[in-house]
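Colleague: Top line first, the protein sequences correspond to chains A and B. Adding 4 to a residue's 1-based position in the first sequence gives its number in the working numbering. Adding 4 to a residue's 1-based position in the second sequence gives its number in the working numbering. Yeah, the Cβ is synthetic: ideal placement off N, Cα and C, and Gly gets one too.
Number of protein chains: 2
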Amino acid sequence: MLIKKALETPAAPVDGLKGVTIRWLWASADGAPTFALRLLEVEPGAATFRHAHPYEHEVYILSGRAVAHSETGEFELEAGSTALVMPNEIHQFINRGDEPLRFLCAIPVAPAAGGKNK
Amino acid sequence: MLIKKALETPAAPVDGLKGVTIRWLWASADGAPTFALRLLEVEPGAATFRHAHPYEHEVYILSGRAVAHSETGEFELEAGSTALVMPNEIHQFINRGDEPLRFLCAIPVAPAAGGKNK
Numbered sequence: 005m006l007i008k009k010a011l012e013t014p015a016a017p018v019d020g021l022k023g024v025t026i027r028w029l030w031a032s033a034d035g036a037p038t039f040a041l042r043l044l045e046v047e048p049g050a051a052t053f054r055h056a057h058p059y060e061h062e063v064y065i066l067s068g069r070a071v072a073h074s075e076t077g078e079f080e081l082e083a084g085s086t087a088l089v090m091p092n093e094i095h096q097f098i099n100r101g102d103e104p105l106r107f108l109c110a111i112p113v114a115p116a117a118g119g120k121n122k
Numbered sequence: 005m006l007i008k009k010a011l012e013t014p015a016a017p018v019d020g021l022k023g024v025t026i027r028w029l030w031a032s033a034d035g036a037p038t039f040a041l042r043l044l045e046v047e048p049g050a051a052t053f054r055h056a057h058p059y060e061h062e063v064y065i066l067s068g069r070a071v072a073h074s075e076t077g078e079f080e081l082e083a084g085s086t087a088l089v090m091p092n093e094i095h096q097f098i099n100r101g102d103e104p105l106r107f108l109c110a111i112p113v114a115p116a117a118g119g120k121n122k
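#1: Under the rule that 16 or more other beta-carbon atoms within 10 Å means buried, what is residue 54(A), buried or exposed?
#2: Tell me which residues of the segment 26–50 of chain A have at least one Cβ-Cβ distance to chain B shorter than 9 Å, keeping chain order.
#3: I'd like to check one pair, residue 81(A) with residue 100(A): are the Cβ atoms closer than 8 Å?
#4: How about residue 74(B) and residue 95(B): are their beta carbons less than 8 Å apart?
#5: Beta strand (DSSP E) containing residue 85(A): first to last residue?
#6: Would residue 70(B) count as contacting chain A if we go by Cβ distances under 8 Å?
#7: Could one say the Cβ of residue 105(A) lies closer than 8 Å to chain B's Cβ atoms, at least one of them?
#8: List the endpoints of the continuous beta strand (DSSP E) containing residue 72(B).
#9: Quick one: what's got a C-beta closer than 7 Å to residue 102(A)'s C-beta in the same chain, skipping five residues either side?
#10: Is residue 11(B) buried or exposed, if buried means 16 or more other CB atoms sit within 10 Å of its CB?
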C-alpha cells in the first residue's frame with residue numbers, strides 16, 4: 005500500500021488554463037493498473053477545459069462550489085456532490101464561488117484511455 | 005453527465021461486516037465503463053475486511069481517522085490522506101477513532117476485475 009497526503013503532493017499548472025492546478029495522486033507511474041486519481045483546484049473565476057474525450061470522468065467535490073456544464077444540462081455542485089461524465093460528453097467545471105474549488109477526478113490510465121488520459 | 009449527492013444515496017450494509025456501510029456512487033449500472041466509485045462508512049471500533057483481490061483500490065479519506073494495515077506496513081490516515089492498494093495486496097481499514105470514518109474507494113468495474121469487484 006502506498007500512502008500520500010493529497011495536499012502535500014505537488015500541484016502542477018494545467019497548460020492553457022489560468023487558475024487551475026492538478027495533483028496526480030495515483031497514476032501509472034505509481035503502478036496503478038486501471039485508473040488514475042487526480043485532485044484539481046480551481047480558483048474563483050477560473051474553469052476547467054470545455055472539452056470531451058473518449059473515456060469517463062468520475063468527480064467528487066471536496067470543497068467549494070462548482071457549476072458543471074454538460075450535454076445533459078447545467079448543475080450546481082457542492083462538497084459531497086459527485087458526477088459521472090460519460091465518454092465523449094462535452095463537460096466543464098466552473099468556479100463561480102469565492103473560495104477555491106477542490107475536486108477529485110478519476111480517469112482510466114493511458115492504456116485504457118487510448119493513450120490520452122488528460 | 006450524471007449527478008448525485010453522495011450522502012443522499014442509499015447506504016447498504018456489507019455482508020459479514022458489522023458497522024460498515026457502502027454507497028455505490030457510480031458503477032456499471034450507471035454506465036461507468038472502466039471503474040466504480042464507492043463511499044464507505046465505518047463506525048468507531050469497526051473495520052473493513054482484511055483481504056486481498058486481483059485488482060487495485062484507490063482510497064481517499066473524507067472524514068474521520070483510519071488505521072490501514074497492509075503488507076507494506078501500518079499507516080495512520082486522516083482526511084485528505086489517500087492510498088493505493090496494489091492488486092493481490094492484503095489490506096484492511098480500521099476505525100480506532102471516536103467518529104465515523106468515511107472514505108472513497110474506487111475499483112475497476114466487473115469486467116476489468118475478473119467479475120469480482122467487491
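Modeller: On the basis of the supplied data:
#1: As a first step, residue 54(A) is located in the first sequence; it is residue number 50 there, counting from the start. With fewer than 16 Cβ atoms within 10 Å of its Cβ, residue 54(A) is classed as exposed.
#2: 29, 30, 34, 35, 36, 37, 38, 39, 40, 41, 43
#3: Working through the first sequence from its first residue, we reach residue 100(A) at position 96. Working through the first sequence from its first residue, we reach residue 81(A) at position 77. Not in contact: residue 100(A) and residue 81(A) (Cβ atoms no closer than 8 Å).
#4: Against the second sequence, residue 74(B) aligns to sequence position 70. Against the second sequence, residue 95(B) aligns to sequence position 91. Result yes, Cβ atoms of residue 74(B) and residue 95(B) sit closer than 8 Å.
#5: Your numbering for residue 85(A) matches position 81 in the first sequence. Residue 85(A) -> beta strand (DSSP E) spans 85–89.
#6: Stepping through the second sequence from its first residue, residue 70(B) is reached at position 66. Taking Cβ atoms only, chain A never reaches closer than 8 Å to residue 70(B), which makes this a no.
#7: Along the first sequence, read from residue 1 onward, the residue named residue 105(A) stands at position 101. So no, residue 105(A) is outside the interface.
#8: The residue labelled residue 72(B) in the question sits at position 68 within the second sequence. That run of the beta strand (DSSP E) goes 70–74.
#9: Residue mapping note: residue 102(A) aligns to position 98 of the first sequence, counting from 1. Same-chain partners within the cutoff: 48.
#10: Residue numbering aside, residue 11(B) sits at position 7 when the second sequence is read from its first letter. Exposed: under 16 other Cβ atoms inside 10 Å.
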